[in-house]
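A short write-up of the structure that comes next.
Dropping the structure here:
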(Lines of atoms letter the chains of each structure in order from A and count residues from 1; the text may use other names and numbers.)
(Lines give C-alpha, C1' and ligand atoms only; values in the text may rest on other atoms or scores of the structure.)
Protein backbone atom coordinates (compact mmCIF):
# COMPACT_ATOMS: atom_id res chain seq x y z
CA UNK A 1 0.00 0.00 0.00
CA UNK A 2 1.34 3.41 -1.01
CA UNK A 3 1.40 6.18 1.49
CA UNK A 4 0.40 9.71 0.54
CA UNK A 5 4.01 10.86 0.22
CA UNK A 6 4.77 8.11 -2.33
CA UNK A 7 1.56 8.92 -4.23
CA UNK A 8 2.48 12.61 -4.43
CA UNK A 9 6.00 11.73 -5.61
CA UNK A 10 4.62 9.44 -8.33
CA UNK A 11 2.15 12.11 -9.47
CA UNK A 12 4.91 14.76 -9.59
CA UNK A 13 7.19 12.50 -11.65
CA UNK A 14 4.34 11.84 -14.08
CA UNK A 15 3.74 15.60 -14.49
CA UNK A 16 7.46 16.12 -15.10
CA UNK A 17 7.43 13.39 -17.76
CA UNK A 18 4.44 14.98 -19.49
CA UNK A 19 6.12 18.38 -19.42
CA UNK A 20 9.25 16.91 -21.05
CA UNK A 21 7.14 15.24 -23.74
CA UNK A 22 5.37 18.52 -24.50
CA UNK A 23 8.69 20.38 -24.66
CA UNK A 24 10.02 17.78 -27.10
CA UNK A 25 6.89 17.99 -29.25
CA UNK A 26 7.08 21.81 -29.38
CA UNK A 27 10.76 21.61 -30.30
CA UNK A 28 10.05 19.13 -33.12
CA UNK A 29 7.15 21.23 -34.41
CA UNK A 30 9.40 24.29 -34.47
CA UNK A 31 12.08 22.34 -36.34
CA UNK A 32 9.52 21.14 -38.90
CA UNK A 33 8.28 24.67 -39.55
CA UNK A 34 11.80 26.03 -39.87
CA UNK A 35 12.79 23.28 -42.30
CA UNK A 36 9.67 23.86 -44.39
CA UNK A 37 10.50 27.57 -44.64
CA UNK A 38 14.16 27.02 -45.46
CA UNK A 39 13.72 24.22 -47.97
CA UNK A 40 10.80 25.85 -49.77
CA UNK A 41 12.05 29.40 -50.21
CA UNK A 42 14.21 30.63 -47.37
CA UNK A 43 17.54 28.93 -48.03
CA UNK A 44 18.73 31.41 -50.65
CA UNK A 45 17.58 34.33 -48.48
CA UNK A 46 19.68 32.84 -45.68
CA UNK A 47 22.76 32.56 -47.92
CA UNK A 48 22.69 28.87 -48.85
CA UNK A 49 23.60 27.72 -52.34
CA UNK A 50 20.64 25.98 -53.96
CA UNK A 51 21.07 23.75 -57.04
CA UNK A 52 17.77 22.67 -58.59
CA UNK A 53 16.22 22.67 -55.13
CA UNK A 54 19.03 20.62 -53.55
CA UNK A 55 20.88 22.11 -50.59
CA UNK A 56 23.96 20.67 -48.91
CA UNK A 57 22.90 19.76 -45.37
CA UNK A 58 26.20 21.05 -44.01
CA UNK A 59 25.40 24.49 -45.53
CA UNK A 60 21.86 24.40 -44.19
CA UNK A 61 23.23 23.79 -40.71
CA UNK A 62 25.00 27.18 -40.81
CA UNK A 63 21.66 29.03 -40.90
CA UNK A 64 20.96 30.67 -37.52
CA UNK A 65 17.38 29.32 -37.51
CA UNK A 66 18.80 25.81 -37.05
CA UNK A 67 21.50 26.70 -34.52
CA UNK A 68 19.77 24.92 -31.63
CA UNK A 69 19.56 21.62 -33.53
CA UNK A 70 22.19 19.03 -34.37
CA UNK A 71 22.76 17.76 -37.89
CA UNK A 72 21.40 14.36 -36.79
CA UNK A 73 18.19 15.95 -35.48
CA UNK A 74 17.66 17.83 -38.73
CA UNK A 75 18.37 14.78 -40.89
CA UNK A 76 16.10 12.69 -38.70
CA UNK A 77 13.25 15.15 -39.22
CA UNK A 78 13.90 15.16 -42.97
CA UNK A 79 13.86 11.37 -43.12
CA UNK A 80 10.73 10.87 -41.00
CA UNK A 81 8.45 13.78 -41.89
CA UNK A 82 5.34 12.88 -43.88
CA UNK A 83 2.47 14.99 -45.17
CA UNK A 84 -1.15 14.39 -44.26
CA UNK A 85 -1.36 12.39 -47.53
CA UNK A 86 1.27 9.99 -46.12
CA UNK A 87 3.92 11.08 -48.62
CA UNK A 88 7.43 12.20 -47.62
CA UNK A 89 7.79 15.96 -47.21
CA UNK A 90 11.48 15.96 -48.09
CA UNK A 91 14.02 14.08 -50.17
CA UNK A 92 17.62 13.44 -49.26
CA UNK A 93 20.53 11.79 -50.97
CA UNK A 94 24.11 11.04 -50.06
CA UNK A 95 26.69 12.32 -52.54
CA UNK A 96 30.49 12.20 -52.42
CA UNK A 97 30.67 15.70 -50.92
CA UNK A 98 27.89 15.22 -48.36
CA UNK A 99 24.17 14.82 -47.82
CA UNK A 100 21.83 16.94 -49.93
CA UNK A 101 18.20 17.69 -49.08
CA UNK A 102 15.17 19.27 -50.75
CA UNK A 103 11.40 19.34 -50.57
CA UNK A 104 9.62 16.40 -52.18
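Residue numbers (our numbering): 111 to 214.
By construction, the Cβ of each residue, glycine as well, lies at the ideal position given by its N, Cα and C atoms.
**Report entry** the region 200-209 touching the region 185-192, judged by at least three CB pairs closer than 8 Å
**Finding:** yes
Query - beta strand (DSSP E) segment containing residue 211, residue limits - result: 208-213
Query - Counterpart residues of residue 200 in DSSP-defined beta bridges - result: 213
**Report entry** Spatial distance of residue 145 from residue 125 (CA atoms)
**Finding:** 30 Å
**Report entry** Among 150, 159, 171, nearest to residue 213 - alpha-carbon criterion
**Finding:** 150
Report task. Taking only the alpha-carbon atoms, compute the straight-line gap between residue 164 and residue 176 and give it to the nearest angstrom. Result -> 17 Å
Query raised in the report: Which whole-angstrom value is the C-beta distance of residue 211 and residue 170, which I expect to be below 8 Å?
Result: 7 Å
Query raised in the report: Using DSSP with H/G/I as helix, E/B as strand and the rest coil, what is residue 192?
Result: strand
Query raised in the report: From residue 209 to residue 167, what distance separates their C-alpha atoms?
Result: 6 Å
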